[in-house]
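Written below as structure tokens is the structure these notes are about.
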Amino acid sequence: QVQLVESGGGLVQAGGSLRLSCAASGSISSIARMGWYRQAPGNQRELVAVISGSTTTYADSVKGRFAISRDNAKNTVYLQMNSLKPEDTAVYFCNFLVISRGTSGTYWGQGTQVTVSS
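In the working numbering, the protein residues as written are 27 to 144.
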């Protein structure tokens, strides 16, 4: 079994910054892909950023403001969020594609609230 634990959410004023972290533990051989998604009230969950190897992909709405990075030794992914806007307010979820004992599985974090005030 694999567990993901997120941290770093909170309340920030528009223009401010936050850094989210998500660490995985459990039976892990490798992590093929790490990503961040978000869900605002009344909206579907949407992709924010994904990192696979050294390749990163961002939603258009966060390009140039957010940066995703990973520490393979710690099985951890980070999301540095700068120039935050009120429309970035959402619950942020990490998502890992984990390789373990010859099989793969997708795991989600519990979610962390990010609130940006205007």
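Beta carbons: idealized from backbone N, C-alpha and C, even for Gly.
When burial is assigned at 16 or more other CB atoms within 10 Å of the CB, is residue i buried or exposed?
i      : result
Asn98  : exposed
Asn101 : buried
Arg127 : exposed
Gly68  : exposed
Going by beta carbon distance, what residues of the same chain come within less than 6 Å of residue i, once the five residues before and after it are set aside?
i      : result
Ser144 : Ala40 and Pro112
Ser106 : It should be noted that the sequence gives Gln, not Ser, for residue 106. Same-chain partners within the cutoff: Arg45 and Ala93.
Val117 : Gln65, Gly137 and Gln139
Ser55  : Ile125 and Ser126
Lys95  : It is Ser, not Lys, that sits at residue 95 in the sequence shown. So the qualifying residues of the chain are Tyr104.
Gly35  : Thr138, Gln139 and Val140
Does the distance from the CB of residue i to the CB of residue j come in under 8 Å?
i      : j      : result
Ser33  : Thr138 : yes
Ala58  : Ser78  : yes
Val28  : Ser53  : yes
Tyr104 : Ser47  : yes
Check the C-beta distance from residue i over to residue j and give it rounded, since I have them as a contact under 8 Å.
i      : j      : result
Ala75  : Gly61  : 7 Å
Phe119 : Gly135 : 5 Å
Give me, in chain order, the residues of the same chain whose beta-carbon lies closer than 7 Å to that of residue i; leave out the 5 immediate sequence neighbours on both sides.
i      : result
Thr141 : Leu37 and Thr115
Ser109 : Gly41 and Arg91
Thr129 : none
At a cut-off of 7 Å, would you count residue i as near the ligand COA, judging by its Cβ distance to the nearest heavy atom?
i     : result
Ser53 : As far as ligands go, the structure on display features none, and thus does not contain the ligand COA.
Using a Cβ-Cβ cut-off of 8 Å (strictly less than) and excluding sequence neighbours within five positions of residue i, which residues of its own chain qualify?
i     : result
Ala85 : Glu72, Leu73, Val74 and Ala75
Provide the residue span of the beta strand (DSSP E) that contains residue i, from first to last.
i      : result
Gly61  : Ser56 to Gln65
Ser80  : Where Ser80 is concerned, there is no enclosing beta strand (DSSP E), given that its DSSP letter is neither H nor E.
Leu105 : Thr102 to Met107
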